[in-house]
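**Q** Numbers given in my numbering equal positions in the sequence shown, counted from 1, plus 1. By construction, the Cβ of each residue, glycine as well, lies at the ideal position given by its N, Cα and C atoms. Because the structure is a prediction, the values reported are computed rather than measured. I'd like to ask you about the structure that follows.
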Amino acid sequence: MTSSLTGSCLCGAIRYTVDVPIAELRACHCTNCQKASGAGGSVNAVIPAAALRFAQGAPKRHTGVADSGRTLHRYFCGDCGSPIYSQRDSAPETVVLRAGTLDNAGEMRIVSHIWTKSARPWSHIDPAAKRFPGQPDAPPSADRGPAVPSG
Ligand SMILES: [Zn+2]
Ligand SMILES: [Zn+2]
Numbered sequence: 002m003t004s005s006l007t008g009s010c011l012c013g014a015i016r017y018t019v020d021v022p023i024a025e026l027r028a029c030h031c032t033n034c035q036k037a038s039g040a041g042g043s044v045n046a047v048i049p050a051a052a053l054r055f056a057q058g059a060p061k062r063h064t065g066v067a068d069s070g071r072t073l074h075r076y077f078c079g080d081c082g083s084p085i086y087s088q089r090d091s092a093p094e095t096v097v098l099r100a101g102t103l104d105n106a107g108e109m110r111i112v113s114h115i116w117t118k119s120a121r122p123w124s125h126i127d128p129a130a131k132r133f134p135g136q137p138d139a140p141p142s143a144d145r146g147p148a149v150p151s152g
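The structure is reproduced here in structure tokens:
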């Protein structure tokens, strides 16, 4: 696999590269992601903030309180509205990248679903994936189960 991934917002004003490989994705069914996406939630890659570099443009920021109670910054294109990533105020070293903005899906798959207690009844949840009713509170160094992205 290539070591550098690229992505953009819908209108192309924002372009970025990711310097780490992404194989595992996490779907979030929290009510904030539903509102922010206009869909059932978001599908994300949890990556180090240092791996995300903006090649063009700069996203706008919306700061709010997440369903977890934490302060969460959501970054999006101010021109077309595409959500790009989110970042916890308390954990700036990690970003949660919206996987649908990547140019190439590669071999990625969803391995876990979080905030399933607020999932829309029409959202599909793969029974083979891990489920968390709320926020899985595992920092990167303390993953409790196999194949669960941290955060
Ligand atoms: Zn845009
Ligand atoms: Zn969410």
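How would you write the range of the alpha helix (DSSP H) that N33 sits in, first residue to last?
**A** Unbroken alpha helix (DSSP H) run through N33: 32–38.
**Q** Quick check on this structure: which residue in S83, S87, S9, C78 has the alpha carbon closest to the alpha carbon of T64?
**A** Out of S83, S87, S9, C78, S87 has the C-alpha closest to the C-alpha of T64.
**Q** Less than 7 Å between the C-beta atoms of L26 and A100, yes or no?
**A** Their beta carbons are under 7 Å apart, which means L26 touches A100 by this criterion.
**Q** What does the alpha-carbon distance come out to for the pair D90 and H74?
**A** Cα to Cα, D90 sits roughly 7 Å from H74.
**Q** Quick one, are the C-beta atoms of T18 and A56 less than 7 Å apart?
**A** Yes.
**Q** Measure from the alpha carbon of H125 to the alpha carbon of each residue in A40, K36, A67, then state which is nearest.
**A** Of the candidates A40, K36, A67, the one whose C-alpha sits nearest the C-alpha of H125 is A40.
**Q** Smallest Cα separation from V112: which of F77, R62, A46, C78?
**A** Minimum Cα distance to V112 is reached at A46.
**Q** In its own chain, which residues sit with a C-beta less than 6 Å from the C-beta of G79, not counting the 5 before and 5 after it?
**A** These residues qualify, in order along the chain: K61.
**Q** With the cut-off set at 7 Å, would you say A24 and E108 are in Cβ contact?
**A** Yes, these two residues count as a Cβ contact at 7 Å.
**Q** Does the beta-carbon distance from A129 to H114 come in below 7 Å?
**A** Against a cut-off of 7 Å, the Cβ pair of H114 and A129 comes out as no contact.
**Q** Using 6 Å as the cut-off, classify the Cβ of C81 as near or not near the heavy atoms of ligand 2, replying yes or no.
**A** False, no ligand heavy atom lies under 6 Å from that Cβ.
**Q** Could you please give me the residues that DSSP links to Q57 through a beta bridge?
**A** In DSSP, Q57 forms a bridge with R16.
**Q** Would the C-beta of C12 count as close to ligand 2, meaning under 6 Å from any of its heavy atoms?
**A** No, ligand 2 has no heavy atom inside 6 Å of this Cβ.
**Q** Mapping the DSSP letters down to three states, classify A52 as helix, strand or coil.
**A** Of the three classes helix, strand and coil, the one that applies to A52 here is helix, per DSSP.
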